[in-house]
Amino acid sequence: MSLASIDELRHPDALTHHVLDTGTARVIVIGDVHGCAFELAALLAKCGYSRSSDVVILLGDLVNKGPHSIEVIRLAREQGLHAIAGNHEFIALQKWEIWKQTGVVPKPDEHGLTQTWTSSGNCP
34 MSLASIDELR HPDALTHHVL DTGTARVIVI GDVHGCAFEL AALLAKCGYS
84 RSSDVVILLG DLVNKGPHSI EVIRLAREQG LHAIAGNHEF IALQKWEIWK
134 QTGVVPKPDE HGLTQTWTSS GNCP
């Protein structure tokens, strides 16, 4: 995840109400991906997801716990998926801000935040 994408999440418009016009598209709703990018890709394939005719809404908790949080974010962006931030995204943003402001690396936690950031090379 790049710093730009984190800053995008912090943008005031990112946390406001948006109306998503799905028209006649099939709507696929997926929750709690938790850093499981390969499983998300497999699920999209199993659903027969087509970017041109389907809308996917991810219901929060895209990151943490699983080993591929960065890849989940990339996949969501590349495939044009819509996402609602969950508590794990907000926790990640809070810890990122502390890291960015203080330079103190957060202690590794049970959710793998520090490992995700350091392995991606996108440290503040």
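The letter at position 110 of the sequence shown is residue 143 when you use my numbering, and the numbering goes up by one with no holes.
Each residue gets a CB set at the ideal place from its N, CA and C atoms; glycine is no exception.
Since the model is a prediction, treat every value here as computed from it, not as a measurement.
- Within the stretch 66-119, the complete beta strand (DSSP E) runs of at least 3 residues fall at 87-91.
- Setting aside the 5 residues that flank it on each side, L108 is surrounded in the same chain by A70, L73, A74, each with a C-beta closer than 7 Å to its C-beta; the list follows chain order.
- Per DSSP, V62 is one residue of the beta strand (DSSP E) stretching across 59-63.
- The alpha carbon of L77 has as its nearest neighbour, out of T57, H67, V89, the alpha carbon of V89.
- Q134 and Q127 have their alpha carbons spaced roughly 11 Å apart.
- Between the alpha carbons of F123 and H67 lies a gap of roughly 13 Å.
- When DSSP states are grouped into helix, strand and coil, L126 belongs to the helix group.
- Closest by C-alpha distance to L114, out of V52, I63, T57, is I63.
- A Cβ-Cβ contact shorter than 8 Å links A58 with D87.
- The alpha-carbon separation between R84 and G99 amounts to approximately 25 Å.
- When rounded, the separation of the alpha-carbon atoms in H101 and G56 is 32 Å.
- Taking each of L91, V52, D54, V137 in turn and checking the Cα distance to I61, the smallest one comes out for L91.
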